[in-house]
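Trainee: Can you keep this structure in mind? I'll have questions shortly.
In the numbering used here, the protein residues as written are 1 to 465.
Structure representation (structure tokens):
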């Protein structure tokens, strides 16, 4: 019984015959040949007549804005902060406002196309024999304008069906159903075979939005701050020009913000220089008048020693007063509704406060870009607003601590001056009065020189690339 069951379930293996396999399908050989021929022909036609897309890339190093701060700050820096800075710069590079300036710079709202030998409507970026200058266009112009070159002096307009729309001279104002515009000839690029050129026109916002979406920005290495910018376009020269212009506008924007900080600081210094210059002139006249009326030619050794010590303390007090004015300006800036760069930011000595002000400036710049490109309830905008509020709170706390420290230092310096004053009571009254006037002159001079030194430093900062 068991033997019969084994025989029933036993599988019979048939050996594979390779020759029989090929003979079986070989009679359909023409279908294989036809399929391969169709595939190759399809691939050839696609590659020949489709528009190739090229990828253009560039790299950008994001420099550390706080590299000039002291080692204490460097120790406090974290990779999270660095990544945040890089993320902010990525958003700036992909912002609509920056791309709009690129569109204006390269005049990307106007594109030129020519009938190609293989492909139709090939864009001739940078090699167009004509330049179209719109003045006031109608909606019809945005459907395309066809310019037929007749010779080096004249051109003819045609519609999409080839109907003639008039003959004109290069450079003359044209006014018709397309609107008002001019067409100029690039003489060096003119060739006789440049028969018909299509001028495609689009509005700035649409062009900027299109290229903004084509720009890809990514971090090359998580441990670095090098960004890779990539764009895909049918014309490699156009892609290169867009990336170059984008980086140029980005660098210009960064330099403009930097110079705006220096300009605010210079304005702060110049206002005080104007005041101190007049006061210094008055006190110098008082010194000369007192010397001539009382017959004083020079101070005694004891008076000179006192004056040197008190002048040194007065110079320190001048520095404290300037810092107090700077902190007051920052406080007023926080209370106001204005955005941008806080006044006299570059005169802030405290590295922590300087870092906070720099961060606030970056956040407010981001806030402005998001307000122009997103809805008020955008989560990105809400996050930025929360970060701004937190940063302002930290700045106010830092200012309060600094003002308390300034008051302690000021009280100590004034106490030293009082002790110096008590040590010269034995000096004749006439000389003591002269010392008082000379001291006022020293205060004004030290403050004047201090402001000049800071102004020179700010001018040097503005000239840095």
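Backbone N, C-alpha and C fix where the C-beta goes; we use that ideal spot for every residue, glycine too.
Go ahead and pull the three-state DSSP assignment for residue 502.
Mentor: What is shown of the chain runs 1 to 465, which leaves residue 502 out entirely.
Trainee: Please state if the CB of residue 90 and the CB of residue 217 are separated by a distance shorter than 7 Å.
Mentor: Their beta carbons are under 7 Å apart, which means residue 217 touches residue 90 by this criterion.
Trainee: Are the Cβ atoms of residue 435 and residue 289 separated by less than 7 Å?
Mentor: No, the Cβ-Cβ distance between residue 435 and residue 289 is not below 7 Å.
Trainee: If you follow the beta strand (DSSP E) that residue 134 is in, where does it begin and where does it stop?
Mentor: Where residue 134 is concerned, the enclosing beta strand (DSSP E) stretches over 130-137.
Trainee: Beta-carbon within less than 8 Å of residue 52's beta-carbon, same chain only, minus the 5 sequence neighbours each way: which residues are those?
Mentor: So the list reads 234, once near-sequence residues are dropped.
Trainee: Nearest-angstrom Cα distance between residue 443 and residue 320?
Mentor: Roughly 13 Å between the two C-alpha positions.
Trainee: Below 6 Å CB to CB, which residues in the same chain sit around residue 528 once its five sequence neighbours on both sides are set aside?
Mentor: The first residue shown for the chain is 1 and the last is 465, placing residue 528 beyond what the model contains.
Trainee: Can you tell me which of the three DSSP states residue 186 falls into?
Mentor: In the structure shown, residue 186 sits in coil (DSSP, three-state: anything other than H, G, I, E or B).
Trainee: Sort out for me which residues DSSP pairs residue 441 with in a bridge.
Mentor: The partner list for residue 441 (beta bridge, DSSP) is empty, contrary to what the question assumes.
Trainee: Which term fits residue 239, buried or exposed, when burial requires 16 or more other beta carbons within 10 angstroms of its beta carbon?
Mentor: Flag for residue 239 reads buried.
Trainee: Evaluate contact between the segment 264-275 and the segment 393-411, counting only Cβ atoms and requiring at least three cross-stretch pairs below 8 Å.
Mentor: Output reads no: the segment 393-411 does not touch the segment 264-275.
Trainee: So for residue 456, helix, strand or coil by DSSP?
Mentor: Reduced to three states, the DSSP call for residue 456 is helix.
Trainee: Less than 7 Å between the beta carbons of residue 437 and residue 310, yes or no?
Mentor: No, these two residues do not count as a Cβ contact at 7 Å.
Trainee: With DSSP run on the structure shown, which of helix, strand or coil describes residue 176?
Mentor: Strand.
Trainee: Within a Cβ cutoff of 8 Å, which residues of the same chain sit near residue 324, ignoring the five residues on either side of it in sequence?
Mentor: Counting only Cβ-Cβ distances below 8 Å, and skipping sequence neighbours, we find 403 and 406.
Trainee: Decide if residue 362 is buried, meaning its Cβ has at least 16 other Cβ atoms within 10 Å, or exposed.
Mentor: Residue 362 is buried by the Cβ-count criterion.
Trainee: Considering only C-alpha positions, which residue in the set 267, 201 and 138 is nearest to residue 177?
Mentor: That would be 138, whose Cα lies nearest to the Cα of residue 177.
Trainee: What residues in its chain sit with their C-beta under 8 Å from that of residue 452, if we drop five residues either side in the sequence?
Mentor: Excluding positions up to five away in sequence, the list reads 273.
Trainee: Determine the closest residue to residue 365 out of 350, 315 and 254, with distance taken between C-alpha atoms.
Mentor: Nearest option by C-alpha distance: 254.
Trainee: Skipping 5 residues on each side, what residues in its chain have a beta carbon closer than 8 Å to that of residue 189?
Mentor: Cβ neighbours of residue 189 beyond the five flanking positions: 127, 128 and 129.
Trainee: With DSSP run on the structure shown, which of helix, strand or coil describes residue 169?
Mentor: Reduced to three states, the DSSP call for residue 169 is strand.
Trainee: Report all residues from its chain with a CB closer than 7 Å to the CB of residue 384; omit the five preceding and five following residues, and keep chain order.
Mentor: Answer for residue 384: 363, 366, 367 and 370, listed in chain order.
Trainee: At the level of alpha carbons, what is the spacing between residue 397 and residue 412?
Mentor: Their backbone Cα atoms lie some 23 Å apart in a straight line.
Trainee: Who are the Cβ neighbours of residue 356 in its own chain at under 7 Å, not counting the five residues just before and after it?
Mentor: Once the five neighbours on either side are set aside, the close Cβ partners of residue 356 are 391, 394, 395 and 398.
Trainee: From residue 118 to residue 377, what distance separates their C-alpha atoms?
Mentor: Here residue 118 scores only 46 on pLDDT, less than 50, and its place in the model is too uncertain to base an answer on.
Trainee: Using a Cβ-Cβ cut-off of 7 Å (strictly less than) and excluding sequence neighbours within five positions of residue 185, which residues of its own chain qualify?
Mentor: Excluding residues within five positions, the ones whose Cβ falls inside 7 Å are 129, 130, 152 and 170.
Trainee: Rounded to whole angstroms, what's the CA-CA distance from residue 162 to residue 146? Just pull it up for me.
Mentor: In a straight line, the C-alpha of residue 162 is about 9 Å away from that of residue 146.
Trainee: Can you tell me which residues form a DSSP beta bridge with residue 156?
Mentor: DSSP, once it has assigned bridges, lists 148 and 167 as partnering residue 156.
Trainee: With a threshold of 6 Å on Cβ separation, who are the neighbours of residue 328 within its own chain once the five nearest residues in sequence on each side are excluded?
Mentor: Cβ neighbours of residue 328 beyond the five flanking positions: none.
Trainee: Pick helix, strand or coil for residue 387, following the three-state DSSP scheme.
Mentor: Residue 387: helix per DSSP, three-state reduction.
Trainee: Could you work out which residue in 196, 318, 157 and 224 is closest to residue 447 when comparing CA atoms only?
Mentor: Closest by alpha carbon: 318.
Trainee: Tell me, to the nearest whole angstrom, how far the beta carbon of residue 99 is from that of residue 250; I am working on the premise that it is less than 8 Å.
Mentor: Rounded, the Cβ-Cβ distance is 11 Å, inconsistent with contact.
Trainee: State buried or exposed for residue 241, treating a residue as buried only when at least 16 other CB atoms are found within 10 Å of its CB.
Mentor: When all chains shown are included, residue 241 counts as buried.
Trainee: Which residue marks the beginning of the alpha helix (DSSP H) containing residue 141, and which one marks its end?
Mentor: Run containing residue 141: none; DSSP gives neither H nor E here.
Trainee: Do residue 157 and residue 144 have their C-beta atoms within less than 7 Å of each other?
Mentor: No. Outside cutoff.
Trainee: Going by beta-carbon coordinates alone, are residue 231 and residue 141 separated by less than 7 Å?
Mentor: No; because the gap between Cβ atoms is not below 7 Å, this pair is not in contact.
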